[in-house]
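The sequence shown begins at 13 in our numbering and counts up one residue at a time.
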Amino acid sequence: MSSTRSRAVGALGVLVLVVGALAVPAGARVARADGPTAPGPVAPAPGAGVGPVIPTPPSRPAAPGVADGGPAPQDGGAAPVPAPAAIPLDRAVAAGLLDVRGEAPGSYQSVLLVLTNRSREPLTVDVAGRHLRPTTSGCQRLGLAFPVGATTPAGAPAGTFPVRLEAGERREVRMNTCCMDAGKPCPREQDRFELAATPPPAAVEVALRWWVDHPTASQGFVNAAVWQRDPALLARGEGGADASGPPRPAPTSVVSHRGVVYVVDGGALTSLDREGVRRFHATGVRSALPGDAGLLALADGVDGVELWRFGETGDPPWMKLRGLGAAGPEQVLEGPGGAFVMRRGPGLAYLADRLAPEVEVGLRSRSAATATSARLAAVDPAKGRAVAIVHRAGQGAAGAFTSAQGLHERAPTVEVFDLDLRKGTAALRKTLWSARDVAAGPAGVFLVTFAGSLARLDGERTVPVPTDRAWEAVEAVGARRLVVAGEGGRWVLDARGGRPVALPADAVGVAIDPVTDDVVWIAADAVRRCPGAGGAVETIPIR
Numbered sequence: 013m014s015s016t017r018s019r020a021v022g023a024l025g026v027l028v029l030v031v032g033a034l035a036v037p038a039g040a041r042v043a044r045a046d047g048p049t050a051p052g053p054v055a056p057a058p059g060a061g062v063g064p065v066i067p068t069p070p071s072r073p074a075a076p077g078v079a080d081g082g083p084a085p086q087d088g089g090a091a092p093v094p095a096p097a098a099i100p101l102d103r104a105v106a107a108g109l110l111d112v113r114g115e116a117p118g119s120y121q122s123v124l125l126v127l128t129n130r131s132r133e134p135l136t137v138d139v140a141g142r143h144l145r146p147t148t149s150g151c152q153r154l155g156l157a158f159p160v161g162a163t164t165p166a167g168a169p170a171g172t173f174p175v176r177l178e179a180g181e182r183r184e185v186r187m188n189t190c191c192m193d194a195g196k197p198c199p200r201e202q203d204r205f206e207l208a209a210t211p212p213p214a215a216v217e218v219a220l221r222w223w224v225d226h227p228t229a230s231q232g233f234v235n236a237a238v239w240q241r242d243p244a245l246l247a248r249g250e251g252g253a254d255a256s257g258p259p260r261p262a263p264t265s266v267v268s269h270r271g272v273v274y275v276v277d278g279g280a281l282t283s284l285d286r287e288g289v290r291r292f293h294a295t296g297v298r299s300a301l302p303g304d305a306g307l308l309a310l311a312d313g314v315d316g317v318e319l320w321r322f323g324e325t326g327d328p329p330w331m332k333l334r335g336l337g338a339a340g341p342e343q344v345l346e347g348p349g350g351a352f353v354m355r356r357g358p359g360l361a362y363l364a365d366r367l368a369p370e371v372e373v374g375l376r377s378r379s380a381a382t383a384t385s386a387r388l389a390a391v392d393p394a395k396g397r398a399v400a401i402v403h404r405a406g407q408g409a410a411g412a413f414t415s416a417q418g419l420h421e422r423a424p425t426v427e428v429f430d431l432d433l434r435k436g437t438a439a440l441r442k443t444l445w446s447a448r449d450v451a452a453g454p455a456g457v458f459l460v461t462f463a464g465s466l467a468r469l470d471g472e473r474t475v476p477v478p479t480d481r482a483w484e485a486v487e488a489v490g491a492r493r494l495v496v497a498g499e500g501g502r503w504v505l506d507a508r509g510g511r512p513v514a515l516p517a518d519a520v521g522v523a524i525d526p527v528t529d530d531v532v533w534i535a536a537d538a539v540r541r542c543p544g545a546g547g548a549v550e551t552i553p554i555r
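In structure tokens form, the structure reads like this:
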């Protein structure tokens, strides 16, 4: 190596990231930005040559030695040789020692990192904690963590992953990655990337390097801290407030609104529009709640279950509306003017706006029986109209009534309430004694009787829907179509009556687009969509 090149490498070695040496004491928390707008970087900015603060002590020990209490060398023995200094990718590129590019991404979860040593000497680089920017499209930037399936080299400083390249060597490394841009299109296989000239925001680098030390953590858990720019979330995976570890991801679910399909897979929320553009929105999501007023989600945050709003494009891509407690609601409907009605178990709560206190929605009933469950359905959210369906238990144990009292008075009932989403009020429309199941949507309120017949509730009057089959339940209601269960399967049926069309036997989580009437469901290996206008069933990859 020339003396000039030696001085360059030596100078860069002095600037190596020493991650983990500045670990926060046990119990300390990293400051975060909170509020209605998208949070920016919250961890303290690292100084020159110093890594960002890691919110929890590293779980991977360094190689034993005298400094950390390891055995001292015997007389005449040599002290352990430290690992070669690993140069951060951006500094090696800036010094002209390294070429870096990314290609063949696996959506937002991995990328093929191509490294070429341009020097005439071996070079050790740290591949963690930096990020790639796209050069072929406006897709997401990708944060780099550690190689897929690899074990961190012994003696590597915490939060780093050194890779040694021989002189002139070119190497391809498949890297675990995190998305840095919620709302932008997911990378496609043909997209290409270059290394960003500057490090990522400090909070993002903290999360990426934390993942190097905790390689068994799920991608979605780490990505939540990355795109929220909130390293405090990582404490939940390392003996923090939730000592059981990272939050369990929500089961896979699919919904559709105005032709856009939203998929929650392992807590990651992505969407696919009619043009075939897939976007990443968030991780840690429990359920997606698209509507005419925009995209909402119930998700895990530092305040337990939180209500988030997402922008389809532009900045900010998301905002936290409010925390909703440790358990959170099961459903949320947004009304005009930013009001919300939420379902919590068999009860309903109302928020006049996102900052208002919760108020219980009164469900005035003719029955004294206990409510056992409730369902919410939007009928016309633009006008603030919705329906609540409340199931009540039978009134009293056997023998508690005289023979003069009718059977219907002590049987389980289903009540249909009309909701005003603006005011948070409910008016009882109908009490049903003969209904096995009731569901609602834009096409109205539909019920299945204990005899298996299907009917529509027109005001307070039930109108039969002509079919030649016995049904068990109404699972979804669109603008013109229903999904009903019966005779060992699921069927799509015209809301006014018509020939039922069978869905595949492996269809689960079936939903209907309230605007386009597209029927979507989860199959064994993908999401399927049956267009509302009919035609061939489409296959949508989950990732």
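For every residue, glycine included, the Cβ atom is placed at its ideal position computed from N, Cα and C.
Enclosing alpha helix (DSSP H) for residue i [first to last residue]
i, result
"LEU220", "214-225"
"PHE292", "No alpha helix (DSSP H) holds PHE292; the beta strand (DSSP E) holding it covers 290-294."
"VAL238", "231-240"
Cβ shell of residue i (< 7 Å), same chain only, five flanking positions each side left out
i, result
"THR384", "PRO358, HIS403, ARG404 and ALA405"
"ALA514", "GLY501 and TRP503"
"ALA535", "PRO516, ASP518 and ALA519"
"LYS196", "GLY150, CYS151, GLN152 and ARG291"
"LEU440", "ARG376, SER377, GLU427 and PHE429"
"GLY396", "GLY347, PRO348, ASP432, LEU433 and ARG434"
Same chain, Cβ closer than 6 Å to residue i, neighbours up to 5 away in sequence not counted
i, result
"VAL175", "VAL137 and VAL139"
"ARG41", "With a pLDDT of 31 at ARG41, under the threshold of 50, the modelled position of that residue is not reliable, and the figure given next carries that caveat. ALA244, listed in sequence order."
"LEU444", "VAL426"
"THR474", "ALA467"
"ARG355", "PRO341, GLU342, GLN343, ALA386 and LEU388"
Cross-strand partners of residue i (DSSP beta bridge)
i, result
"ARG493", "ASP506"
"SER465", "None, per the DSSP bridge assignment."
"TRP320", "ALA309 and LYS332"
"PRO198", "Reading the sequence as shown, one finds Cys at residue 198 and not Pro. Note: CYS198 sits in no beta bridge, so no partner."
"ALA361", "MET354 and GLU372"
"LEU345", "VAL353"
"ASP449", "VAL460"
"SER379", "Per DSSP, none; premise fails for SER379."
"LEU207", "LEU144"
"VAL486", "VAL496"
"PRO544", "Before going further, note that residue 544 is Gly rather than Pro in the sequence given. For GLY544, which the question treats as bridged, DSSP gives no partner whatsoever."
"ASP470", "ARG473"
Boundaries of the beta strand (DSSP E) in which residue i is found, first to last residue
i, result
"ILE552", "550-552"
"GLY303", "297-303"
"ARG182", "182-191"
"SER385", "383-392"
"LYS442", "437-444"
"VAL276", "272-277"
"GLY7", "What the structure shows of the chain is the stretch from 13 to 555, and residue 7 is not part of that stretch, so it cannot be assessed."
"LEU177", "174-177"
"VAL267", "265-269"
"THR425", "425-432"
"ARG476", "One detail in the question is off: residue 476 reads as Pro in this sequence, not Arg. Start and end: 473-476."
"ALA400", "397-404"
8 Å contact criterion, which residue i and residue j should meet: CB distance rounded
i, j, result
"THR528", "GLY544", "5 Å"
"ALA300", "LEU281", "6 Å"
"ALA166", "ASP225", "Rounded, the Cβ-Cβ distance is 14 Å, inconsistent with contact."
"VAL531", "GLU487", "Going by Cβ atoms, the distance from VAL531 to GLU487 rounds to 11 Å, so no, they are not a contact pair."
"MET187", "SER122", "6 Å"
"LEU125", "VAL112", "7 Å"
"GLY155", "CYS190", "4 Å"
"VAL353", "LEU310", "With a Cβ gap of about 14 Å, VAL353 and LEU310 do not count as contacting."
"GLU206", "LEU144", "7 Å"
"PRO227", "PHE158", "6 Å"
"THR295", "ASP277", "Incorrect: roughly 10 Å between the Cβ atoms, too far for contact."
"ASP203", "PRO146", "6 Å"
"ALA447", "VAL489", "Contact doesn't hold; Cβ gap of about 15 Å is too wide."
Spatial neighbours of residue i in its chain, beta-carbon cut-off 8 Å, leaving aside the 5 residues before and after
i, result
"ARG493", "ALA455, VAL504, LEU505, ASP506, ALA507, ILE524, ASP529, VAL531 and GLY544"
"ARG286", "GLY271 and VAL272"
"ALA538", "THR551, ILE552, PRO553 and ILE554"
"GLY374", "THR437 and ALA438"
Cutoff 9 Å: residue i Cβ touching any chain C Cβ
i, result
"THR474", "Structure shown: chain C not included; a single protein chain is present."
If you scan the region 95-171 from start to end, which runs of the alpha helix (DSSP H) of 4 or more residues do you find wholly inside it?
101-106
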